[in-house]
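Under the numbering used here, the residues of the sequence shown are numbered 43 to 356, in order. Only one structure is covered here, and it is reproduced in the block below.
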Amino acid sequence: MRDRPLDRAHAPSVSLHQLRLFIALARYRSFTRVGDEFGITQSAVSRGIRELEDEIALRLFDRTTRQVALTDTGRRLLARLAPLVEELEATLRPHPHNSTEPGVVNVASSCGLTASVLPALLASCKSRLPEVTVVVMDRPQNAVLQLVRSGEAEFGIVIAPDNLDELAAEPLFDDSFAAVAGASHRLGQAERLNWQDLRGMPLLLLDDDTGSLAAIENALARHGIAGAVRQRFTQPAAVARMAEAGLGIGVLPMHARAIAESSASAFIPLVPDESRTLMLVRRRGRALRASAAHVWSHFMASSTQTLVTSQAVA
């Protein structure tokens, strides 16, 4: 497509959805990733971008079989549109609770962390900041990042993501991995296990929205654990219950202990230590409102105690 002058007598009809697709594709350079984020097919993303380009009579991307890249025109348009779309979305999107109210703070949380880490943080926040109401937006991690980028959530709690474009992050704490064994399993009474002890064991792995599977598989590969039978589950409790039933050895982050361990299972630290970083994320270059800043600061100050609580022996 060649860029051509717009007919000024006929203003282009462009939707907010098309502009969001454009901004997301500029960020990810992948039709597949954009489709996953928006819950639509790759072809629908391609069609939306093509219709946008046709409507404004500008070529925004150079496409090849291997990559997607912004044109010079696309880069100029992105610089002007991105902040405008962000502000428009924040203004127009209906909220069940008005986030402009001084005492209401919208916090997005990755699903796995909502059940394991967030309750202790929220309980201490309620005690310390009783005038603040925290509205939790429980979503998959990619959606959490999008909510923060768009301004619908004032900040989010996530596992260190691959892409922090447009976001500022501050680490809460590092979270190690543990083996999960049934209490009657021969490994169930160990105080700690070496990753090598998992060799030959059927493995029960966590495949959740925070990228746990990739982190676990990378750790297994570093320690030479290959070829074992692997089953994958999206909930820590499912991993623990399967381990209790004697169907294998689970591998879970230690923060899942509070929601997955029972009297019939044991969380056993794995050595040498392999860990992931939990962090708070917010929009870069945008100051938090006073109430949100107080909640952020309290989460940071409480994070060490939260880690201790989540890993404490029942």
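Glycine included, C-beta positions come from ideal geometry on N, C-alpha and C.
- S72 is the residue among L189, S72, I98, A298 whose C-alpha sits nearest the C-alpha of Q109.
- Contact between the region 323 to 333 and the region 225 to 244 is absent: fewer than 3 CB-CB pairs across the two stretches fall below 8 Å.
- Taking the CA atoms as reference points, Y70 sits about 19 Å from V200.
- Looking only at L58, S307, A329, A157, the smallest Cα-Cα distance to S226 is reached by S307.
- Counting along the chain, T156 sits inside the alpha helix (DSSP H) bounded by residues 153 to 158.
- By the Cβ test, the region 182 to 193 is not in contact with the region 160 to 169, since fewer than three Cβ pairs between them sit closer than 8 Å.
- With respect to the C-alpha of F309, the residue from R299, D315, R318 having the closest C-alpha is R299.
- DSSP places V190 inside the alpha helix (DSSP H), whose first and last residues are 183 to 192.
- In the displayed model, M179 falls within a strand according to three-state DSSP.
- When the beta-carbon positions are compared, V337 and V174 come within less than 8 Å of each other.
- When the alpha-carbon of E212 is set against those of V56, M342, E286, V76, the nearest one is in M342.
- A Cβ-Cβ distance of about 6 Å is found for the pair A220 and L294, placing them in contact under the 8 Å criterion.
- Between the C-alpha atoms of G154 and Q277 there is a straight-line separation of about 8 Å.
- Residue pairing by DSSP puts P213 in a beta bridge opposite M321.
- Within 10 angstroms of the beta-carbon of N148 lie 16 or more other beta-carbons, which makes it buried.
- From the listed residues V313, S305, A285, the smallest Cα separation to L262 is found for V313.
- Apart from the 5 residues on each side of it in sequence, M321 sits with its Cβ closer than 7 Å to the Cβ of V200, A202, A211, E212, P213, L214 in its chain, given in chain order.
- By the Cβ-count criterion, E129 is exposed, with fewer than 16 other Cβ atoms from all chains shown falling within 10 Å of its own Cβ.
- Given a length threshold of 3 residues, each whole run of the beta strand (DSSP E) inside the region 262 to 347 is given here in chain order: 272 to 275, 291 to 295, 307 to 313, 317 to 325.
- Going by C-alpha positions, P54 is about 17 Å away from L120.
- For V87, the enclosing alpha helix (DSSP H) starts and ends at 84 to 98.
- When the beta-carbon positions are compared, L63 and G90 come within less than 8 Å of each other.
- Here G288 is exposed: its Cβ has fewer than 16 other Cβ atoms, across all protein chains shown, within 10 Å.
- By the C-beta density criterion, D207 is exposed, having fewer than 16 other C-beta atoms within 10 angstroms.
- When the Cα atoms are used, P311 and V127 turn out to be separated by approximately 46 Å.
- Judged by DSSP secondary structure, A111 falls within the beta strand (DSSP E) whose first and last residues are 110 to 112.
- Shown here, A223 sits in a strand according to DSSP, grouped into three states.
- For I199, the pairing in a beta bridge is given by DSSP as S151, L322.
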